[in-house]
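Colleague: Chains A and B, in that order, are what the protein sequence lines are.
Plus 672 on top of the position in the first sequence (first one is 1) and you've got the working numbering.
Plus 81 on top of the position in the second sequence (first one is 1) and you've got the working numbering.
From the three backbone atoms N, C-alpha and C, an ideal C-beta is built for every residue, glycine too.
Note that this is a predicted model, so its numbers are computed, not measured.
First, the structure itself, so that you have it in front of you.
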Amino acid sequence: KQEVTQIPAALSVPEGENLVLNCSFTDSAIYNLQWFRQDPGKGLTSLLLIQSSQREQTSGRLNASLDKSSGRSTLYIAASQPGDSATYLCAVRDAGGTSYGKLTFGQGTILTVHP
Amino acid sequence: DAGITQSPRHKVTETGTPVTLRCHQTENHRYMYWYRQDPGHGLRLIHYSYGVKDTDKGEVSDGYSVSRSKTEDFLLTLESATSSQTSVYFCAISGRRLDEQYFGPGTRLTVT
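Below you can see the structure in the form of structure tokens.
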């Protein structure tokens, strides 16, 4: 059974700092990995999707990397801003024809960026 | 943003009553999912659908049933609500290539 772990559980940084959020998964047979952002009381917003054949994806100040063989992904946020404060969730989709796109989520990292 | 709506957005109900949550999509996506989110457990899959009238169980399906009679609607029913089903429920959709999943705004359900 796939298990996803995110470290740290919470992170507080001053504005402007570059930071890294970590995600690890136990079964390397994945189809893709998706990073989400969740604001308090809101739904999930997809940030980046990395296919299993890719090493990284970039969107603006966000960069996500994937090392499938070691079961790890990182989300790098450059020049953090107070508006980046949210919970960041990592989710993996297992490979295999019967998975139907089901995602297994980590518990998230709560990020606070201080002005 | 993906066209996903959930109704109701908030509901308070009593133990033992039936409850139905609705997810509606305008994207014509084949795959739809119901998750619940709880502190300490994260998001967990309840049921999913891979087409009209095609559904299957997820990780935490006990006490829940689903139906999908049209592509755009996926219903989640709690036949007899219990306090352990107090949670935030999210619907998600995924397109033909099963790539990105897009989530709805959530329904906060409280069972008293």
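At the level of alpha carbons, what is the spacing between Pro787/A and Asp756/A?
Modeller: Taking the straight line joining both Cα atoms gives about 11 angstroms.
Colleague: If I follow the unbroken beta strand (DSSP E) through Tyr772/A, where does it start and stop?
Modeller: Where Tyr772/A is concerned, there is no enclosing beta strand (DSSP E), given that its DSSP letter is neither H nor E.
Colleague: Cα-Cα, which of Asp135/B, Thr158/B, Asp143/B is closest to Ser150/B?
Modeller: Taking only the C-alpha atoms, the option nearest Ser150/B is Asp135/B.
Colleague: Apply the 10 Å Cβ neighbour rule to Thr781/A and answer buried if 16 or more other Cβ atoms are within range, or exposed otherwise.
Modeller: So Thr781/A ends up on the buried side.
Colleague: What is the residue span of the beta strand (DSSP E) that Ser88/B lies within?
Modeller: 85-88 is the extent of the beta strand (DSSP E) around Ser88/B.
Colleague: Ignore the nearest five residues each way along the sequence and tell me which others in Asn690/A's own chain have a CB closer than 6 angstroms to its CB.
Modeller: Ala750, listed in sequence order.
Colleague: Sort out for me which residues DSSP pairs Tyr145/B with in a bridge.
Modeller: Tyr145/B is bridged to Leu159/B.
Colleague: Could you tell me the alpha carbon to alpha carbon distance between Thr717/A and Ser146/B, rounded to whole angstroms?
Modeller: Rounded to whole angstroms, Thr717/A to Ser146/B spans 26 angstroms at the Cα level.
Colleague: List, in chain order, every chain A residue whose beta-carbon is nearer than 9 angstroms to that of Phe187/B.
Modeller: At residue 187/B the sequence reads Gly, which differs from the Phe that was named. Result: Gly713, Lys714, Gly715, Leu716.
Colleague: Take Val169/B and list the residues in its own chain whose beta-carbon comes closer than 6 angstroms to its own, dropping the five residues that flank it on each side.
Modeller: For Val169/B, where only same-chain residues beyond five positions count, the Cβ hits under 6 angstroms are Gln118, Gly187, Arg189.
Colleague: What did DSSP end up calling Gln710/A once you bin it into helix, strand or coil?
Modeller: Strand.
Colleague: Using the C-alpha atoms, what's the distance from His110/B back to Asp766/A?
Modeller: The alpha-carbon atoms of Asp766/A and His110/B are separated by roughly 20 angstroms.
Colleague: Select from Ser164/B, Ser142/B, Glu153/B the residue whose C-alpha is nearest the C-alpha of Ala173/B.
Modeller: Of the listed residues, the one whose Cα sits closest to Ala173/B is Glu153/B.
Colleague: Name the chain C residues that come within less than 7 angstroms of Phe184/B, Cβ to Cβ?
Modeller: Although the question refers to chain C, the structure presented lacks it and instead comprises the protein chains A and B.
Colleague: In whole angstroms, what separates the C-alpha of Gly139/B from that of Glu95/B?
Modeller: Whole-angstrom Cα-Cα distance: 25 angstroms.
Colleague: Mapping DSSP to helix, strand and coil, what is Ser752/A?
Modeller: Three-state result, Ser752/A: coil.
Colleague: So the beta strand (DSSP E) Asn694/A belongs to, where does it begin and stop?
Modeller: Note, Asn694/A: beta strand (DSSP E), 691-697.
Colleague: At 3 residues or longer, and completely inside the segment 101-125 of chain B: list those beta strand (DSSP E) runs for me, N to C.
Modeller: Here the runs fully enclosed are 112-119.
Colleague: Measure from the C-beta of Asn694/A to each C-beta in chain B and report whether the shortest distance is under 8 angstroms.
Modeller: Not an interface residue.
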